[in-house]
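Taking this note's numbering, I'd label the letters of the sequence shown as residues -1 to 239.
As structure tokens, the structure follows; a few thoughts come after it.
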Amino acid sequence: MSKVVIDLGTYSFKFAFGTKTYSFEPQEIKCSEYGDPYNGKEITDLVGFKKMINKIFETLEVKPNTCQVVVSVHVHEPYQLDELLANYFFNELNVQGFFIAVQPVLSMYRWAVIDAIKVAKISENFEIETITNLIQESINSIKESSHEILLQNIVIAGFNANEEFEDTLEKKLNEIYTDKKIHIMGVEKKKMGRQNSALIGGCILSVQETFNTMWITKEKYQEKGQEVLKAVYTVPEEAKF
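Right, here's the structure in full:
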């Protein structure tokens, strides 16, 4: 059975078959070619959105009803999107299995880490502390013996429009933690780093044997409803490395 992974981005949808390969160039379709039906968190034009998804399966030359599908979403997407996606993939496309996860979690699979600091873009119009302060608070909230491990496993999801973000963040953290090594995952290969990390992480996750029990089937969705739909915000215990 084919495993298909779709990463819903603000400007494009990236997609690929499940694979154990940690580095590859995914296929991509631009939202602008379909009237921008998705703004990064919400579907603004359902007809255009469905056309994009149908185009993905056409490009992959595979029928949806022969596939299990992982969908990667924004960390601040509204819960209603989960239900809309499930209804569409199960009731219209008749997929064999479905799973939805937020992009930072899938990015951790790309870099094969479980214990990490996840840095994700916050929704607009929120007044919050600086990212470096938030990282400090996260680090200080756990036992000191784990600080160095987390500082060497920083995973960034999003921020693709800001190419200098990794360098700036690394510089700021080095100024704060002068006695510890800082490492941002993917900083050495920016193009194949955070831009594709959620998609690649989803591809890796989808083919793990330990992930087989995590798939949501149409029967399970009909039986348990919304409780099985909530997007995964942590590494699933059943699917850890």
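We put the CB at the ideal spot given by N, CA and C, even for glycine.
query                                                                                                                                                                          : result
Give the C-beta separation of ASN37 and THR8 to the nearest angstrom, bearing in mind that I take them to be a contact with Cβ-Cβ under 8 Å.                                   : 7 Å
Tell me whether ASP34 sits in a helix, a strand or coil according to DSSP, three-state version.                                                                                : coil
What does PHE88 pair with, by DSSP beta-bridge criteria?                                                                                                                       : None; PHE88 has no bridge partner.
Check whether the Cβ atoms of VAL252 and PHE87 sit closer than 7 Å, and answer yes or no.                                                                                      : Residue 252 cannot be examined here, being either before or after the span of the chain that is shown, -1 to 239.
For PHE22, name the three-state secondary structure that DSSP assigns.                                                                                                         : coil
Quick one: measure Cβ to Cβ for GLY200 and SER70, integer angstroms, because I've assumed they're closer than 8 Å.                                                             : 5 Å
Going by beta carbon distance, what residues of the same chain come within less than 8 Å of TYR219, once the five residues before and after it are set aside?                  : ALA84, PHE88, PHE96, VAL226, LEU227
Could you give the C-beta distance for ILE180 and ARG108, rounded to a whole number, given that I count them as a contact under 8 Å?                                           : With 8 Å as the limit, ILE180 and ARG108 do not qualify as a contact, their Cβ atoms being about 19 Å apart.
Give the DSSP-derived three-state secondary structure of ILE174 in the structure shown.                                                                                        : helix
Under 8 Å Cβ to Cβ from THR42, same chain only, skipping five residues before and after it: list those, please.                                                                : ASP34, PRO35, TYR36
Count the other C-beta atoms from every protein chain shown that fall within 10 angstroms of the C-beta of PHE22, then say buried if there are 16 or more, exposed otherwise.  : exposed
Determine the closest residue to MET106 out of ASN92, SER195, LYS39, GLU59, with distance taken between C-alpha atoms.                                                         : SER195
With a threshold of 7 Å on Cβ separation, who are the neighbours of LYS18 within its own chain once the five nearest residues in sequence on each side are excluded?           : ILE202, VAL205
In whole angstroms, what is the alpha-carbon distance linking GLU59 and CYS65?                                                                                                 : 11 Å
Measuring straight from C-alpha to C-alpha, what distance separates LYS61 and LEU132?                                                                                          : 44 Å
Taking all protein chains shown into account, do 16 or more other C-beta atoms lie within 10 angstroms of the C-beta of GLN224, making it buried, or fewer, making it exposed? : exposed
Going by DSSP, what residues sit across from CYS65 in a beta bridge?                                                                                                           : SER0
Does DSSP put ALA14 in a helix, in a strand, or in coil?                                                                                                                       : strand
Given this structure, state the Cα-to-Cα distance separating GLU56 from ILE174, to the nearest angstrom.                                                                       : 50 Å
Enumerate in chain order the residues of its own chain whose CB-to-CB distance from TYR32 is below 6 Å, with the five nearest sequence positions on each side excluded.        : GLY46, LYS49, MET50
Please classify GLU221 as buried or exposed, where buried requires at least 16 other C-beta atoms within 10 Å of its C-beta.                                                   : exposed
In its own chain, which residues sit with a C-beta less than 6 Å from the C-beta of LEU91, not counting the 5 before and 5 after it?                                           : PRO62
Hey, out of GLN150, ASP165, GLY16, whose CA is closest to VAL2's CA?                                                                                                           : GLY16
Does DSSP classify ASP165 as helix, strand or coil?                                                                                                                            : helix
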